[in-house]
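Each residue of the sequence shown is one higher than the one before, counting from 3 in our numbering.
Built from N, CA and C at the ideal position, the CB exists for glycine as well.
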Amino acid sequence: MPEIQKQFDSAVIGGGVIGCATAWRLAQAGMKVVVIERGEVGREASHAAGGMLVPLAEADDADEFFHLCVASRAMYADFARELQEASEISVEYRTEGTLYLSLTDEDDEELERRWHWQHAAGLNVKRLKADCARKLEPLVNDKLRWALKFPDDHQVNNRLLIQALYLAAQKAGVVFQTQTEVERLMIESVAGQKQIVGVATSQGEIRAKTVIVAAGSWSSLLKTESETLLPALKVEPVHGQMVSVTMPAPPVNHIIYSCRAYVVPRLGGFLIAGSTSDKFGFEKQVTAGGVTSIIERAREILPGFGDLAITETWSGLRPRAADKLPVIGQDRMVQGLVYATGHYRNGILLTPITAKAVSDIVLKGESSVFLSPFSPARFPLE
Ligand code: FAD
Ligand code: GLY
Numbered sequence: 003m004p005e006i007q008k009q010f011d012s013a014v015i016g017g018g019v020i021g022c023a024t025a026w027r028l029a030q031a032g033m034k035v036v037v038i039e040r041g042e043v044g045r046e047a048s049h050a051a052g053g054m055l056v057p058l059a060e061a062d063d064a065d066e067f068f069h070l071c072v073a074s075r076a077m078y079a080d081f082a083r084e085l086q087e088a089s090e091i092s093v094e095y096r097t098e099g100t101l102y103l104s105l106t107d108e109d110d111e112e113l114e115r116r117w118h119w120q121h122a123a124g125l126n127v128k129r130l131k132a133d134c135a136r137k138l139e140p141l142v143n144d145k146l147r148w149a150l151k152f153p154d155d156h157q158v159n160n161r162l163l164i165q166a167l168y169l170a171a172q173k174a175g176v177v178f179q180t181q182t183e184v185e186r187l188m189i190e191s192v193a194g195q196k197q198i199v200g201v202a203t204s205q206g207e208i209r210a211k212t213v214i215v216a217a218g219s220w221s222s223l224l225k226t227e228s229e230t231l232l233p234a235l236k237v238e239p240v241h242g243q244m245v246s247v248t249m250p251a252p253p254v255n256h257i258i259y260s261c262r263a264y265v266v267p268r269l270g271g272f273l274i275a276g277s278t279s280d281k282f283g284f285e286k287q288v289t290a291g292g293v294t295s296i297i298e299r300a301r302e303i304l305p306g307f308g309d310l311a312i313t314e315t316w317s318g319l320r321p322r323a324a325d326k327l328p329v330i331g332q333d334r335m336v337q338g339l340v341y342a343t344g345h346y347r348n349g350i351l352l353t354p355i356t357a358k359a360v361s362d363i364v365l366k367g368e369s370s371v372f373l374s375p376f377s378p379a380r381f382p383l384e
């Protein structure tokens, strides 16, 4: 194993989309950056995701989190273009939009509720009669009553996204220290102020002036010399399973949601269905019950789903903070320690804005992104 480099401006813990995108931005600004990844880059939640950029399909309210998601979505077309130029990898940014189906009385109520707040807020949401929706997607269930269409809820291929980020970051000069686990954060007292000075890893110490916690579901396991990092943070893993099948004919072109499931078309002839939400700790098993329930709920959207050949099943761990909101910002007590974690169901969507916000904080001490609701300062010091 080559000797580990020891001194950087910034050390990023975790090589998922959040860590890689942040490292890329910092290196573009001329910083010497290392990403420290316990396994291989991008093999955890960032690999498992559906790649949907769908704030309107997933939000319940026009709250601050929703506005963060919409702002990140608005950055995506340029982000995908810039990433493609830097890496020569297309992330398959697709703009067909998302359909949301009503199939039952309860769904009618849910879609009406969604339509009312989104329409009142001036968002781009359309009501479609069943025959209109079926013209867009001929294979949907005959039980379809009506649908919402979110023309601006787009998608990327998240597996290509992480590859592109990895390559773009390397080309910008980021060092990737893989198969290396961060075991401890190193903090010193400088003139009465706590200051991060680096991390102790399974391969030795790495010194850095700033350390960014982008360790996804494992973020709360990180420790300082004496204690768990910000104990009230409590980022927990929420297990989600997915099933991929061969694309039917005619092909599905939109992301399609029901109130119980979603299907996502991929270029290359695949259709992905998801998902489940369970607390299995850090285990990543794919279960018979999970796959069965995904297939049943996907059949409610596309009755022919059950006849399609399964090409892959997998699972991943969504990083969820105690209040389900992302944690983005500078630690209150330790200078140079910055969080970029807890992205839960929307980490792919929130990648561009998180990378911008965190790199702003590191480079300029503050960001124009409105971060108060997502600050680590919302958690009490225990
Ligand atoms: P991760 O990708 O999990 O990366 C964290 C990395 O940190 C890992 O590689 C890990 O090995 C490393 N690490 C941890 N501890 C250490 C340590 N001590 N030392 C070194 N390295 C360490 N989001 C969307 O926006 N759209 C979707 O459609 C979508 N669908 C999803 C579907 C499923 C089934 C799941 C599971 C998630 C989905 N998400 C979606 C959520 C999204 O995948 C996550 O929010 C996002 O990937 C989080 O990225 P991350 O970089 O923070 O975490
Ligand atoms: N955002 C989709 C999921 O987390 O399952």
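Measuring alpha carbon to alpha carbon, tell me which of the options ends up nearest residue i.
i	options	result
Lys236	Thr226, Pro321, Thr294, Tyr168	Pro321
Ala64	Lys196, Glu185, Leu125, Ser191	Leu125
Thr97	Gln157, Val215, Asp110, Thr278	Gln157
Val177	Ile38, Val127, Phe81, Gln332	Ile38
Ala275	Pro252, Gly306, Lys286	Gly306
Pro253	Leu55, Val93, Gly271, Ser369	Gly271
Ile330	Gln337, Ala323, Tyr341	Tyr341
Gly44	Lys34, Pro57, Gly21, Lys8	Gly21
Ser219	Val35, Glu46, Gly32	Glu46
Phe381	Thr106, Ser222, Ala290	Ser222
Val288	Leu269, Gly308, Leu319	Leu319
Leu383	Arg347, Asp333, Ser370	Asp333
Lys145	Asp107, Leu162, Gly32, Asp154	Asp107
Gln205	Gly367, Glu183, Ala311, Ser295	Glu183
Gly344	Pro250, Ile297, Val215, Asp309	Val215
Phe152	Pro57, Gly338, Phe284, Thr294	Pro57
Pro267	Phe284, Gly283, Met244, Gly338	Met244
Leu103	Tyr95, Ala76, Arg136, Phe81	Arg136
Ala385	Ser377, Ser370, Lys326, Phe372	With the chain represented from 3 up to 384, any question about residue 385 goes unanswered, as that position is not in the structure.
Lys173	Gly32, Arg115, Ala59, Ile198	Gly32
Glu238	Lys8, Arg347, Ala122, Met54	Arg347
Hey, is residue i close to ligand 2, as in C-beta under 8 Å from one of its heavy atoms?
i	result
Glu39	no
Ala347	Checking the sequence shown, residue 347 turns out to be Arg, not Ala. Yes, ligand 2 has a heavy atom inside 8 Å of this Cβ.
Gly344	no
Tyr264	yes
Arg186	no
Ser317	no
Gly276	yes
Met249	no
Ala51	yes
Arg268	no
Ser191	no
Ser279	yes
Gly242	yes
Glu60	yes
Met54	yes
What distance in whole Å lies between the Cβ atoms of residue j and residue i, which are believed to be in contact at a cut-off of 8 Å?
i	j	result
Thr180	Glu42	6 Å
Ser246	Glu314	4 Å
Ala13	Ala210	4 Å
Glu190	Ala202	That pair is no contact at about 13 Å.
Ile350	Ala51	5 Å
Met335	Lys128	Between Lys128 and Met335 the Cβ distance is about 48 Å, and since that is not below 8 Å, they are no contact.
Ala132	Trp119	Not a contact, Cβ separation roughly 23 Å.
Ser48	Asn160	6 Å
Lys281	Val240	7 Å
Leu113	Leu150	6 Å
Asp155	Ile257	7 Å
Leu352	Ser74	5 Å
Closer than 8 Å to a non-hydrogen atom of ligand 1 - does that hold for the CB of residue i?
i	result
Thr182	yes
Val43	yes
Pro253	no
Thr203	yes
Met33	no
Met335	no
Trp148	no
Gly18	yes
Ala217	yes
Thr354	Position check: residue 354 holds Pro in this sequence, whereas Thr was assumed. For ligand 1, not one heavy atom lies less than 8 Å from the Cβ of Pro354.
Arg320	yes
Ile350	yes
Ile15	yes
Gly99	no
Asn159	no
Ser48	yes
Do we get a CB-CB distance below 9 Å when we pair residue i with the residues of chain D?
i	result
Leu55	Looking for chain D here will not work: only one protein chain is present.
Three CB pairs or more closer than 8 Å across the region 81–94 and the region 156–171: yes
Should the region 360–369 be regarded as contacting the region 254–263, the criterion being three or more beta carbon pairs within less than 8 Å? no
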